[in-house]
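J.: Here the working numbering is used: the first residue of the sequence shown is 174, the next is one more, and so on.
From the three backbone atoms N, C-alpha and C, an ideal C-beta is built for every residue, glycine too.
Here the structure is a predicted model, which is why all the values come from computation and not from measurement.
Just dropping this structure here.
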Amino acid sequence: MKIKNLPDEFEKARPVMQTIEEAGYEAYFVGGSVRDTLIGENIHDVDIASSAYPEEIKRLFKRTVDTGIEHGTVMVLDNKKGYEITTFRTESGYQDYRRPDKVTFVRSLKEDLKRRDFTINALAMRENGEVTDLFGGIKDIERKIIRAVGDPNERFNEDALRMMRAVRFASKLDFNIESDTFNAIKRHSSLLEKIAIERIYVEFIKMMKGLRPKQGIDDMLSTDMYLHVPFFDNYRKQLSDISHLKNLNLNNEVEVWSLICFEFNFGKEQISNLLKAWKASNDIIKSTQICCRALNSIKNDEMSEFLMYQTGKHLLIEANYIASFYGFSIDNELLKDKYNCLPIKNKKQLSINGGILIKNGIIKPGPMLGKVLDEIEKQVIIGNIDNDTDDIINFTKQYLKE
Ligand code: ATP
Ligand code: MG
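See below:
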């Protein structure tokens with residue numbers, strides 16, 4: 174098969190490919206970019222595989238960077254762009270069902286494609302658009318099937334993350350997992366516990382951001398994979414309830430975790446425990462806690478000015494977006510208007526600060542100052558006092574008297 178009218182990303186990389194070929198080596202586009210082109214999806218970056226060894230690649234180009242030389246990857250800088258070129262390789266010695274501990278450079282494209290996870294990811298394309306398809310990847314794209322290259326049982330024993338990747342690609346592309354591959358996942362689901370949670374996290378988020386996250390969750394349930402990731406084992410019902418939401422369409426990690434924590438009915442502490450177990454960043458944990466609190470207030474019709482202020486515009490809109498899948502969201506424009514009407518958006522906008530209060534002799538430095546400022550902030554936001562220096566000073570005097 175030959176693809177005509179290659180997307181621009183490939184066209185731009187052609188000179189690099191041609192340099193490698195003219196030196197007598199093979200060069201192919203591989204992996205996601207070839208798959209997505211055949212599917213008709215936009216591509217982001219192109220990966221190149223070559224029979225040339227890293228040292229040989231480095232000799233061919235003026236400007237290169239050793240981005241992953243131990244795995245055979247060199248970046249070639251050409252025309253202000255970087256192209257990752259990886260030497261054909263085989264992998265061996267999968268101890269602990271994880272990454273291989275040995276990679277061997279080889280000259281054969283076939284050997285390189287054989288180690289790849291799924292048929293749709295084991296396609297290679299020359300710079301002229303000619304596709305090499307040794308495992309029926311094109312047919313599987315046509316039939317929308319995720320199928321392991323070779324014996325799925327072996328492949329998941331080599332690297333158990335591939336099970337999560339199967340579910341991720343099925344959701345991302347709206348494909349189905351072929352039955353032998355599916356049954357092998359079911360048989361080996363517990364191997365997922367051997368995999369670093371950071372790697373599972375990446376695939377899980379990509380799955381949830383895919384075209385069919387509900388299918389992804391269903392696949393995790395029906396293969397029992399959910400039993401082998403942190404916290405999910407006790408929440409089968411809640412996870413399966415996510416399948417009933419209409420038109421679920423998630424854009425980022427905070428939306429994903431807010432939806433899950435909302436379904437699990439988690440409070441602040443539980444959200445922190447779950448996300449720490451998943452090794453989420455502190456930023457994500459904090460944003461999810463704030464978003465979930467706002468989501469619950471929207472649900473209970475308790476959204477106040479002060480909570481809007483504490484939540485912030487961005488997370489307020491995120492919370493309302495999640496609420497829309499449950500059918501209890503507030504009109505977005507109304508919500509934005511209400512937010513925009515808040516007298517201040519952050520503490521710095523208060524017309525006084527600690528320094529001014531001290532200079533005017535209203536309060537002495539000390540622990541009381543923070544408390545007073547918190548109270549002023551609150552009273553301004555709920556509209557009890559204006560954000561005006563004199564008003565605030567009067568209020569503070571009164572407050573301190575009481
Ligand atoms: P995406 O568009 O999401 O990046 P991708 O197919 O490029 O999809 P990557 O994770 O970037 O996915 O991997 C690039 C390629 O490397 C895959 O297409 C596949 O051929 C191979 N690959 C990646 N991870 C594995 C794995 N765990 N086992 C076998 N092959 C893998
Ligand atoms: Mg990729």
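Whole angstroms are fine: how far does the CA of isoleucine 358 sit from the CA of phenylalanine 133?
T.: There is no way to answer for residue 133, as the model of the chain reaches only from 174 to 575.
J.: Cβ of leucine 546 within 8 Å of Cβ of glycine 528?
T.: No; because the gap between Cβ atoms is not below 8 Å, this pair is not in contact.
J.: Please confirm if the segment 382 to 393 is in contact with the segment 405 to 418, defined as three or more CB-CB distances below 8 Å between the two stretches.
T.: Yes, they touch.
J.: Quick check on the DSSP output: what are the complete alpha helix (DSSP H) runs of length 4 or more inside the segment 365 to 422, in order along the chain?
T.: Listed in chain order, they are 370 to 381, 386 to 395 and 409 to 415.
J.: Sorry if obvious, but does the Cβ on aspartate 313 come closer than 7 Å to a heavy atom of the ligand ATP?
T.: The answer is no for aspartate 313.
J.: Going by the C-beta, is leucine 447 closer than 7 Å to any heavy atom of the ligand ATP?
T.: Every heavy atom of the ligand ATP is 7 Å or more from the Cβ of leucine 447, so no.
J.: For aspartate 306, does the count of other Cβ atoms within 10 angstroms reach 16, so buried, or fall short, so exposed?
T.: Buried is the call here.
J.: Phenylalanine 202 and glycine 245: beta carbons closer than 8 Å?
T.: Going by C-beta atoms, phenylalanine 202 is not nearer than 8 Å to glycine 245.
J.: Give a yes or no on whether the C-beta atoms belonging to alanine 295 and leucine 282 are separated by under 8 Å.
T.: Not in contact: alanine 295 and leucine 282 (Cβ atoms no closer than 8 Å).
J.: State the beta-bridge partners of isoleucine 318 as determined by DSSP.
T.: Per DSSP, Asn349.
J.: Compare the C-beta of glycine 204 with all C-beta atoms of chain B and state if any pair is closer than 8 Å.
T.: No chain B is part of this structure, which consists of one protein chain only.
J.: Which first and last residues belong to the beta strand (DSSP E) in which isoleucine 258 is found?
T.: Isoleucine 258 -> beta strand (DSSP E) spans 254 to 260.
J.: Closer than 7 Å to a non-hydrogen atom of the ligand MG - does that hold for the CB of glycine 205?
T.: Yes, the Cβ of glycine 205 comes within 7 Å of a heavy atom of the ligand MG.
J.: Exposed or buried, which one is phenylalanine 479 when buried takes at least 16 other CB atoms within 10 Å?
T.: With fewer than 16 other Cβ atoms within 10 Å, it is exposed.
J.: Can arginine 320 be considered in contact with the ligand ATP, in the sense that its beta carbon sits closer than 7 Å to one or more heavy atoms?
T.: Arginine 320 Cβ: outside cutoff for every heavy atom of the ligand ATP.
J.: I'd like to know whether the C-beta atoms of phenylalanine 568 and isoleucine 554 end up nearer to each other than 8 Å.
T.: Taking 8 Å as the Cβ cut-off, phenylalanine 568 and isoleucine 554 do not qualify as a contacting pair.
J.: Using a Cβ-Cβ cutoff of less than 6 Å, which residues in the same chain neighbour aspartate 397 once the five nearest sequence positions on both sides are dropped?
T.: Counting only Cβ-Cβ distances below 6 Å, and skipping sequence neighbours, we find Ser362.
J.: Tell me the residue span of the beta strand (DSSP E) that contains phenylalanine 202.
T.: Taken as a continuous stretch (DSSP letters only), the beta strand (DSSP E) holding phenylalanine 202 covers 200 to 203.
J.: How many Å lie between glycine 556 and phenylalanine 342 at the Cα?
T.: Near 51 Å, if we compare the C-alpha coordinates of phenylalanine 342 and glycine 556.
J.: Within a Cβ cutoff of 8 Å, which residues of the same chain sit near isoleucine 444, ignoring the five residues on either side of it in sequence?
T.: These residues qualify, in order along the chain: Trp430, Cys434, Ile458, Thr461, Gln462 and Cys465.
J.: Along the beta strand (DSSP E) that carries serine 470, what are the first and last residues, could you check?
T.: Note, serine 470: premise wrong, no beta strand (DSSP E); alpha helix (DSSP H) at 455 to 472.
J.: From what residue to what residue does the beta strand (DSSP E) around serine 431 run?
T.: Per DSSP, serine 431 belongs to no beta strand (DSSP E); it is in the alpha helix (DSSP H), 426 to 436.
J.: Can you give me the C-alpha to C-alpha distance between isoleucine 373 and leucine 334, rounded to a whole angstrom?
T.: The straight-line gap from Cα to Cα measures roughly 7 Å.
J.: Compute the Euclidean distance between the alpha carbons of threonine 240 and isoleucine 370, then round it to the nearest angstrom.
T.: C-alpha separation (whole angstroms): 24 Å.
J.: I'd like the list of long-range same chain contacts for serine 502, defined as Cβ closer than 6 Å, with 5 residues on each side in sequence excluded.
T.: Here the set comprises Asn493 and Ala496.
J.: Is the beta carbon of lysine 551 less than 8 Å from the beta carbon of tyrosine 512?
T.: It is not a contact, given that the beta carbons lie outside the stated cut-off.
J.: Go ahead and label methionine 174 buried or exposed: buried means 16 or more other beta carbons lie within 10 angstroms of its beta carbon, across all protein chains shown.
T.: By the 10 Å Cβ count, methionine 174 comes out exposed.
J.: Measuring CA to CA, which of Trp451, Pro273 and Glu194 is closest to aspartate 332?
T.: When only C-alpha atoms are compared, the closest one is Pro273.
J.: Excluding five sequence neighbours on each side, which residues of the same chain lie with their C-beta closer than 7 Å to the C-beta of tyrosine 572?
T.: Only Val545 and Glu548 meet the Cβ criterion.
J.: Give me the Cα-Cα distance between leucine 131 and isoleucine 471, rounded to the nearest whole angstrom.
T.: Nothing about residue 131 can be read from this structure; the chain reaches only from 174 to 575.
J.: How long is the line joining the alpha carbons of glutamate 199 and asparagine 519, rounded to whole angstroms?
T.: Approximately 59 Å between the Cα atoms of the pair.
J.: Exposed or buried, which one is leucine 346 when buried takes at least 16 other CB atoms within 10 Å?
T.: Leucine 346 is buried by the Cβ-count criterion.
J.: The ligand ATP and leucine 282: does any heavy atom of the ligand fall closer than 7 Å to the residue's C-beta?
T.: No, the beta carbon of leucine 282 sits no closer than 7 Å to any heavy atom of the ligand ATP.
J.: Rounded to a whole number of angstroms, what is the C-alpha to C-alpha distance between tyrosine 270 and leucine 365?
T.: Going by the C-alpha atoms only, they are around 9 Å apart.
J.: When DSSP builds the beta bridges, which residues end up paired with phenylalanine 291?
T.: The partner list for phenylalanine 291 (beta bridge, DSSP) reads Ala321.
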